[in-house]
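Using our numbering, the letters of the sequence shown correspond one by one to residues 2 to 264.
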Amino acid sequence: MPRIIGGRYGLSSKEFTPGMVKRIFTELAAAKPKNHFTIGINDDVSHTSLDWQEDIAVIPGEVVQAVFYGLGSDGTVGANKNSIKIIGEETEQHAQAYFVYDSKKAGAVTVSHLRFGHAPIQAPYLIQSASFVACHQFTFLERMDVLKLAAPGATFLLNSPYGPDEVWDHLPRDMQQTIIDKKLRFFVVDGYTVAREARMGRRINTVMQTCFFALSGVLPTDEAIDAIKGAIKKSYSKRGEAVVRQNYEAVDSALAHLHEVTV
């Protein structure tokens, strides 16, 4: 007779990851498997939970996994939706995106998860190990661990009011250690200065988007900029030609303000 056990996952909106799947199959093979288990949470009431290992790598190494931390209303989510559409339409690569944000949206933290690569992507869950991490708000550094998902050797892009020669002294000590331990490539751009000079207020989305394409290399820089401008035209044409030109100016100025930090 086949052995059948049942359980619950996804409690408290927890992701159902490959590590959890592996653990369930391991439990199924046990001499006395636990029935009516829970996984993804620590069930300290009925003690039905299974422990699991998170760092199960099933995504092909050639697939780029990028995570972006933004602020609701700063345009990060919209720019990333355009980015993944550009990658899907302008390259031969497979593309996937998930977006996590608070129901209040404006003023809340947003997290964008983008995957793309030549291999098919079968990953119905959020990124667990990112080869690219971008933090669009410097104030987040004191509020959360934005490098938690960064893989060893990943690229870290930070929107910073401090230049490449002074930003290090303004980072939290634990972040400095993470950058060193994981051997991250660290880049900064003063997105707000670029946006202000382009008369865009505090909307830094196209600035950060341009830097992402330049660092990821998914498209030649000139092609990426042309594609970004095409997306800007579609997204903002209803707001008037002046808004479109302001975004164009921000895109054209962004890379001059992008600098690598020597660690």
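The beta carbon of each residue, even a glycine, is placed where N, CA and C say it ideally should be.
Host beta strand (DSSP E) of Asn160 (start-end):
151-160
Determine the direct distance from the alpha carbon of Val134 to that of Ile128, and round the result to whole angstroms.
Here the alpha carbon of Ile128 sits roughly 11 angstroms from the alpha carbon of Val134.
Given that a residue counts as buried once 16 or more other Cβ atoms are within 10 Å of its Cβ, and exposed if not, what is Tyr126?
By the Cβ neighbour-count rule, Tyr126 is exposed, with fewer than 16 other Cβ atoms within 10 Å of its own.
Residue from Thr194, Val64, Thr18 whose Cα sits closest to the Cα of Glu93:
Val64
To the nearest angstrom, how far is the alpha carbon of Leu148 from that of Ala155?
Looking at the two C-alpha atoms, the distance is approximately 10 angstroms.
Going by C-alpha to C-alpha distance, which of Gly79, Ile5, His258, Met21 sits closest to Phe188?
His258
Does the Cβ of Thr222 have 16 or more other Cβ atoms within 10 Å, making it buried, or fewer, making it exposed?
exposed
Let me know the secondary structure DSSP gives Tyr70 once reduced to three states.
The answer is strand: DSSP assigns Tyr70 an E or B state.
Buried or exposed: which applies to Gly79, given that a residue is buried once 16 or more other Cβ atoms fall within 10 Å of its Cβ?
buried
Does DSSP classify His258 as helix, strand or coil?
Note: His258 maps to helix in three-state DSSP.
Terminal residues of the continuous beta strand (DSSP E) containing Asp118?
With the sequence shown as reference, residue 118 is identified as Gly, and Asp is not the correct amino acid for it. Residues 110-118.
What is the C-beta distance between Gln247 and Arg200, in whole angstroms, given that I count them as a contact (C-beta under 8 angstroms)?
5 angstroms
May I have the straight-line CA-CA distance separating Leu1 from Val68, to the nearest angstrom?
Lying before the first or after the last residue shown, residue 1 is absent from the chain, which here runs from 2 to 264.
Using DSSP's beta-bridge definition, name the partner residues of Ile40.
Leu51
Could you please give me the residues that DSSP links to Cys136 through a beta bridge?
Tyr70, Leu159
Roughly how many angstroms lie between the CA atoms of Ser161 and Ile87, to the nearest whole one?
Cα-Cα distance, rounded: 26 angstroms.
For the ligand COA, any of its heavy atoms closer than 7 angstroms to the Cβ of Asp191?
As far as ligands go, the structure on display features none, and thus does not contain the ligand COA.
In the structure shown, what three-state DSSP assignment does Val65 receive?
strand
Distance check for Glu90 and Gly7, CA to CA, integer angstroms please.
Taking the CA atoms as reference points, Gly7 sits about 42 angstroms from Glu90.
Under the DSSP definition of a beta bridge, which residues are partnered with His95?
Looking at the DSSP output, His95 bridges to Gly118.
Whole-Å CB distance - Val190 paired with Val219, under 8 angstroms assumed
About 18 angstroms separates the two Cβ atoms, so there is no contact after all.
Starting from Phe26, trace the alpha helix (DSSP H) both ways and give me its first and last residue.
19-29
DSSP three-state call for Arg204: helix, strand or coil?
Three-state result, Arg204: coil.
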